[in-house]
Amino acid sequence: SAGDIVLPGDSSHTFKAAAGDLTLSGETLTLTTNTGSDSNVIISPDGNGKIDLTKGLVNTTEDGLISPGAVEVHDSFAVNAGNEFEPAFLVNSTGTGDLLVASSSGSTKFVVTNSGNVGIGTDVPNLPLTVQGAASISDRLGIGTLLPAANLDVRGESAIFSGTKDFTLNIAKNSASAA
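Here this note's numbering is used: the first residue of the sequence shown is -19, the next is one more, and so on.
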């Protein structure tokens, strides 16, 4: 049969299965709050219970505070992956937009483009790694080698360009003696 179930009064009401499972089903199952109430929908399992979603999350509206139509998380987000053969976090984009963008107050800090370029301090990396601003490397940096033997290890043909300004390049032999 069709119709609404209305529970009158100002107090809270609970549907509860004294034992066993409680199942709500329908062609579409909609949980909403009263119009204008600005209330939340809370799903809260007891103890170590989990929310088991067997399908993906989708926002089929144009609503959204950050990106219209996107599923948004307005809280900290953690991934606890337990399968050593699966990635902890997988991004598979079927569109042409960036794969990942990290921003603060609308200012891009980190981006991974659809072509795989990574930008730090820029939202338009034109090379596999583009860093806009100063960088600090606390260990070895290798150019032309996967296993740098010194703090800066440059192998192969190299050139240093200064543009239109004069510069000084000091190269000194390591004065430490080998034991």
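Glycine residues also receive a C-beta, built at the ideal position from the N, C-alpha and C atoms.
With C-beta atoms as the reference, is residue i less than 8 Å away from residue j?
| i | j | result |
| --- | --- | --- |
| P108 | T93 | no |
| S19 | T10 | no |
Let me know the secondary structure DSSP gives residue i once reduced to three states.
| i | result |
| --- | --- |
| D133 | strand |
| L109 | strand |
| G122 | strand |
Between the alpha carbons of residue i and residue j, how many angstroms are there, rounded?
| i | j | result |
| --- | --- | --- |
| S24 | G86 | 32 Å |
| D119 | E64 | 28 Å |
| T76 | V21 | 33 Å |
| T40 | T144 | 55 Å |
| V(-14) | H(-7) | 11 Å |
| S116 | S84 | 21 Å |
| T34 | T15 | 29 Å |
| F57 | V98 | 22 Å |
| F(-5) | P(-12) | 14 Å |
| D1 | E66 | 32 Å |
| S5 | G96 | 43 Å |
| N28 | A(-18) | 37 Å |
| D26 | A(-2) | 15 Å |
| E137 | A130 | 17 Å |
| D(-16) | E42 | 28 Å |
| V53 | D(-10) | 31 Å |
Here's a check: name, in chain order, each residue in its chain whose Cβ is nearer than 7 Å to the Cβ of residue i, leaving out the five neighbours to either side.
| i | result |
| --- | --- |
| I140 | L149 |
| D78 | V91, V92, T93, N94 |
| A68 | V59, A61 |
| L132 | L121 |
| I113 | Looking at the sequence shown, residue 113 is not Ile but Gly. The residues are G101. |
| V71 | L79, L80 |
| A50 | N39, G44 |
Please work out which residues of its chain come closer than 6 Å, Cβ to Cβ, to residue i, disregarding the five sequence neighbours upstream and downstream, and give them in chain order.
| i | result |
| --- | --- |
| F90 | A82, I100 |
| S47 | none |
| D103 | T88, V91 |
| T110 | G99, T102 |
| L37 | V51 |
For residue i, I'd like the list of residues in its chain whose CB is within less than 8 Å of its CB, leaving aside the five on either flank, ordered along the chain.
| i | result |
| --- | --- |
| R135 | G122, I123, G124, T125 |
| P128 | R120, L121, G122 |
| I31 | I23, P25 |
| S73 | L79, N94 |
| S142 | none |
As an exercise, report each continuous beta strand (DSSP E) stretch of at least 3 residues that is fully enclosed by the segment 77 to 102, in chain order. 80 to 84, 87 to 92, 98 to 100
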